[in-house]
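**Q** Going by this note's numbering, the first residue of the sequence shown is number 1205, and it counts up by one from there. Glycine is no exception: its CB is placed at the ideal position from the N, C-alpha and C atoms. Once you've had a glance at the structure underneath, I'll fire off some questions.
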Amino acid sequence: MVTTHNLGFPRIGKKRELKFALEKYWKKIISREVLEETTADLRRQHWQDQSKLDFVPVGDFSLYDQVLDTSFMLGHVPSRVLDLPGDDLDSYFRVARGRSVSDDSSCSSISAGEMTKWFDTNYHYIVPEFDKNTQFSLDTSRLFQQIAEAKQQNVQVKPVILGPVTYLWLGKAKDQSNKLDLLDKLLSAYAELLSQLEGIGIQWVQIDEPVLVTELSQTWQHALRKAYFQLQTIPVNILLTTYFGQLKDNLQLACELPVNGLHLDAITAKDEVAKVIDWLPCHKVLSLGIINGRNVWKTDLTETLNWLEPIHARLQDRLWLAPSCSLLHVPVDLESERELDPDIESWLAFAIQKLDELSILAKALSKGRNTVAGKLLTNAAAINNRKHSNRVHNELVKKRVLEINGQMGTRQSPYPQRAITQHEKFNLPLYPTTTIGSFPQTQEIRQARKDFRSGSLSEEQYRQAMQQEISICVQEQEALGLDVLVHGEPERNDMVEYFSEYLTGYAFTQFGWVQSYGSRCVKPPIIFGDISRPHAITVDWIRYAQSLTKKPMKGMLTGPVTILNWSFVRDDQPRAETCLQLALAMRDEVLDLEKAGISIIQIDEAALREGLPLRKTQWQSYLQWAIRAFQITANGVKDETQIHTHMCYSEFNDIIEAIAEMDADVITIETSRSDMELLDVFDQFHYPNGIGPGVYDIHSPNIPSVDEMVNLMQMATQRIPAKRLWINPDCGLKTRSWEEVKLALSNMIAASQQLSVTP
Ligand code: GLN
Ligand code: ZN
C-alpha cells in the first residue's frame, strides 16, 4: 500500500468565491455569518475534491493568510489591535489590512502587518512581529472547528501546522532582540497544541519546516534539533515537510530529527532522494512530493513510475506520495476552462488534476500498472504530443538563441560617452522630470477595454478611444511641463499579460487564478512554446503619442526577466533559455521603436529581484542569465538612444553590481519612503549612470509638497552628483486619480525648478 496525501489545497475557490465573499464582507454587503457559511462551503468542496486521498490537509484554509492564522492560534497578536471595538475577526483583518471593514474608522491609525514574499513564490504572508516580551497563549478554536467539519465528511484528517522554527524565522524582531530567545515559550505552545490534537484522536500531524531548504546557521539548525527533541514526547505522529528546494547541508539534520516521517520535494530535490533514503532511519515514513505544485504541466506518469517503482520496492509501506508542496500556488481546476486550445489543454494539470495523477501513481504502485493502463496510455499520448508538437518547437527561435553573441548585449560606447551624445541630442535641464509610464486608469478606459474584448467596440472604435486617452495624457503632461513624456499606457491591462498576448508560445486561461495575498489573485499567462514576436506591439501607439508633441516621448516596455517571472514557465527547458527567447522578442520591439524615431525607451524590470533563488549561493548564476537577457533586449540601440529601466522596490544592496552591469542610461527606483538612504549603496558602489529616485509615494493618496520633494532630492544630491539625477514618482500612476496626479506632478516640477536654481 502506498499512502497518498496533500500538503495544502488552493483556498480561493474555482471561481474565486473566497475573494468575492471577503470583499463583500469588508464592504459590509454580507454579514460575518454569511462569510463563514461561504467559507465552510468552500472547505467542504475542497475536501470533497481531495476525497480520494488517504489523508486530506486541514488547517490549510485561511481567510487571509496561513502565517497570520498561526499568529492568532498562538495568541500572538500585535498589541495595537487589542482593546479596539469588535470581535476576533475584526482584530484579524486589522492586522491583515489595517482595518476590519472598509469604513472602519475606529482605527484609522492602525498599521497593517508587514507583508512579504513566501519563500520564492508569488504568495505574500503577514510577517509575525516579535519583541523580547512576546508571549504565546494557545487558541485552537479555528483549527479544531475545521477538524470537526472535516471529520463529518468522512475524510481522514491530517492537520497542517506551520513549524515553530520556520514561524520564528519568518517573523521580525521589532526591538533588536533575538527571536530565538522565544523558542522555549513557543515550544510550550506547540507541545500543548500537539497534545490537544492527540487528545481528539489525530494520528498524523503535518508540520511544515521549509526553512530546511535555506542556508541555516548552526544556531538555527540547533533550534530545529531542540524543537523536535522536545516535541517528540507527545504521542502523535509528526510528518515533517520541506519544500521549494534541496536540503543540501541540512539533509542529515532533516533525516535525523526525531519525527515519524519526512516529506521531500522530489521535484526540486530529486537528486537528494537516494541519499535521504540511505540516511532516513528505517522506522520513518518518507513522503515524496512527485507532482509539481508550482507549475501547471501534466506529470509524465510513466517516467515517474519508472523512477518510483524501485523506491517503492525498497520502502514498501513507508512510502507516501504527495504533490511537491501545497497546491496553493496553482490554479484550482482545468475543467473550468472553456476557451483553451484542446492540444494545450491536454498538456495541463491544475490542482484537481494533479491529485488525480497522484491517485493513478499510487494505484499503479500498490496494485500494478495494468490496473491503470488506460490512464497511463492517455497520459503518455499527451506527454508525447507536447514533446513533439510544432506549436512548442520553432527551429528559427532556437537558432536565434544559439546565435546570440557577446556584442549583442553591449552598447556601442561606454556610458560617459553616451551621456555626452544624449545631452547634445535632448538638451534636458538639470533634474529632468518624467513619470514611470502609466497615468490614471479611469473607469472609461477600463470600460473601453472591456467593450473591445466583448466585441461591442470595433477595433477601429477602440483605437480611436485609446488615441483620445493618449492625447489627453500628452496634453496634461505638456501643460504640467514635464521634460520626458509617456503615452500613459491606457491600452494595457497589466504589464505582463499585455505583452504576452502578442507573443507566440503563450496561452491564457479564464480561471487560472492564484492567490497573491489576501483576496488578491494573479492569473499568470502560460508559456508553452518557443517565443517570438511576429509583429511590433507598441510602435503604433508610441508613434502616435510622439506625433502629438515636440518633447521626447518615452517608449514603454516590460523586460524579459519580469515577463518570465510573472508567467507560468515551461518545464522542458531551463528558465534561462526561455528568458533569452523573451529577450530576443523584446529586443525586436526596442529596435522597432528606435527605427520609428523613439529615442528614449524604458524597459521595466519590476520583478527582477523576485526571481532570486532561495539560497544565496545560487544568486550569481540567476543574475548572470537574467542580466544578460536584459542586456540583449536593451543594448542593441545607438548611443544617442537613451535606455531607461524601472524597478519598484528598494533593496539593491546585494545586487548592485548586477544592476550596474545592465548599463541602462537611467534607472528609476522607489525611494520616497526611505529618505533616500537606499541611494547609499549606489553611492558606495560608485554607480556610474543616471538615477531617478522616486519622490512621490504613489501608494498613498497624500500629495507630497514642493518642500518635501526638494528635501528628498537634496538628500539624493548628497549621494549622487546632480547631473546624473532625475526626478520622478516611485512607480506608475495608474491607481491614482487625475486630480491627485496633477497636484503631485505640478509640485514635482516646481521642486525640479527650485533645485536647478539653488541645487
Ligand atoms: N510602466 C509601468 C507603469 O507605469 C510600471 C509598473 C511597475 O513597475 N509595477 O505602470
Ligand atoms: Zn514600479
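Taking the C-alpha atoms as reference points, what is the distance between L1761 and R1832?
**A** 17 Å
**Q** Let me know if P1214 comes out buried or exposed under the rule of 16 or more other beta-carbons within 10 Å of its beta-carbon.
**A** buried
**Q** For the ligand GDP, any of its heavy atoms closer than 7 Å to the Cβ of G1936?
**A** Among the ligands in the structure shown, the ligand GDP does not appear; only the ligand GLN and the ligand ZN can be found there.
**Q** Return the CA-CA distance between I1734 and Y1371, expressed in angstroms with no decimal places.
**A** The residue asked about is misnamed: residue 1734 is Asp in this sequence, not Ile. Those two C-alpha atoms are separated by around 40 Å.
**Q** Cutting at 6 Å between CB atoms, please list the residues of its own chain near L1949, excluding the five before and the five after it.
**A** L1684
**Q** Note down, in chain order, each residue of its chain lying with its Cβ closer than 8 Å to the Cβ of I1564, except the 5 sequence neighbours on either side.
**A** Answer for I1564: L1505, V1576, K1579, L1580 and N1583, listed in chain order.
**Q** On the premise that L1278 lies in contact with L1342, defined as a C-beta separation below 8 Å, what is that separation, rounded to the nearest angstrom?
**A** 7 Å
**Q** Is I1805 near the ligand GLN, in the sense that its beta carbon is under 7 Å from a heavy atom of that ligand?
**A** For I1805, the Cβ stays outside the 7 Å cut-off from all heavy atoms of the ligand GLN.
**Q** Is the closest heavy atom of the ligand ZN to the C-beta of H1848 under 7 Å?
**A** Answer for H1848: no, Cβ out of range of the ligand ZN.
**Q** Of the choices T1837, F1656 and V1489, whose alpha-carbon is the least far from that of S1736?
**A** T1837
**Q** For A1810, is the beta carbon positioned less than 7 Å from some heavy atom of the ligand ZN?
**A** Because some heavy atom of the ligand ZN lies under 7 Å away, the Cβ of A1810 counts as near it: yes.
**Q** From the DSSP output, read off the bridge partner residues of Y1710.
**A** In the DSSP output, where bridge partners are listed per residue, Y1710 has I1731.
**Q** Quick check: what's the CA-CA separation for H1467 versus L1484?
**A** 11 Å
**Q** Beta carbon of A1377, beta carbon of F1334: below 8 Å?
**A** yes
**Q** What are the residues that DSSP puts in a beta bridge with A1862?
**A** Paired residues: none, contrary to the question.
**Q** Please report the Cβ distance between V1369 and E1413, rounded to the nearest whole angstrom; I am assuming they are in contact, meaning their Cβ atoms lie under 8 Å.
**A** 6 Å
**Q** Closer than 7 Å to a non-hydrogen atom of the ligand GLN - does that hold for the CB of C1852?
**A** At least one heavy atom of the ligand GLN is nearer than 7 Å to the Cβ of C1852, so yes.
**Q** If you follow the beta strand (DSSP E) that A1926 is part of, which residue opens it and which one closes it?
**A** In the DSSP assignment, A1926 falls outside any beta strand (DSSP E), carrying neither H nor E.
**Q** Is the beta carbon of I1805 less than 8 Å from the beta carbon of L1797?
**A** yes
**Q** Expressed to the nearest angstrom, what Euclidean distance is found between the alpha-carbon atoms of F1643 and L1519?
**A** Cα to Cα, F1643 sits roughly 60 Å from L1519.
**Q** How many angstroms separate the CA atom of Y1635 from the CA atom of S1960?
**A** Taking the straight line joining both Cα atoms gives about 7 Å.
**Q** Once the 5 residues before and after T1782 are set aside, which same chain residues still bring their CB inside 8 Å of it?
**A** I1731, I1735, L1768, V1773 and R1774
**Q** Which residues in the same chain have their Cβ closer than 7 Å to the Cβ of W1829, if we skip the five residues on either side of it in sequence?
**A** So the list reads A1780 and C1783, once near-sequence residues are dropped.
**Q** With H, G and I counted as helix, E and B as strand and the rest as coil, what does DSSP make of M1670?
**A** helix
**Q** To the nearest angstrom, report how far apart S1570 and L1509 are at their CA atoms.
**A** 11 Å
**Q** What is the rounded straight-line gap between the Cα of A1864 and the Cα of L1391?
**A** 45 Å
**Q** Only counting the same chain, and skipping five residues up and downstream in sequence, which positions put a Cβ closer than 6 Å to that of A1955?
**A** V1910, M1913 and V1914
**Q** Does at least one heavy atom of the ligand ZN sit under 7 Å from the Cβ of I1640?
**A** yes
**Q** Given a threshold of 16 other Cβ atoms within 10 Å of its Cβ, counted over all protein chains shown, does Q1410 qualify as buried or as exposed?
**A** buried
**Q** Beta strand (DSSP E) containing P1485: first to last residue?
**A** Where P1485 is concerned, there is no enclosing beta strand (DSSP E), given that its DSSP letter is neither H nor E.
**Q** Within the same chain, show all residues whose beta-carbon is closer than 6 Å to that of L1239, passing over the 5 residues directly before and after it, in chain order.
**A** A1225 and Y1229
**Q** Kindly examine the ligand GLN and report whether one of its heavy atoms sits closer than 7 Å to the Cβ of M1670.
**A** no
**Q** Can you grab the Cα-Cα spacing for the pair E1396 / V1463, in whole Å?
**A** So the two alpha carbons sit approximately 17 Å from each other.
**Q** Looking at I1860: is its Cβ nearer than 8 Å to the Cβ of V1885?
**A** yes
**Q** For D1869 and R1622, which I take to be in contact (beta-carbon distance under 8 Å), what is that distance rounded to the nearest angstrom?
**A** 6 Å
**Q** What residue ranges within the segment 1212–1249 form continuous alpha helix (DSSP H) runs of no fewer than 4 residues, ordered along the chain?
**A** For the segment 1212–1249, the continuous alpha helix (DSSP H) assignments of 4+ residues that do not extend past its boundaries occur at 1221–1230, in sequence order.
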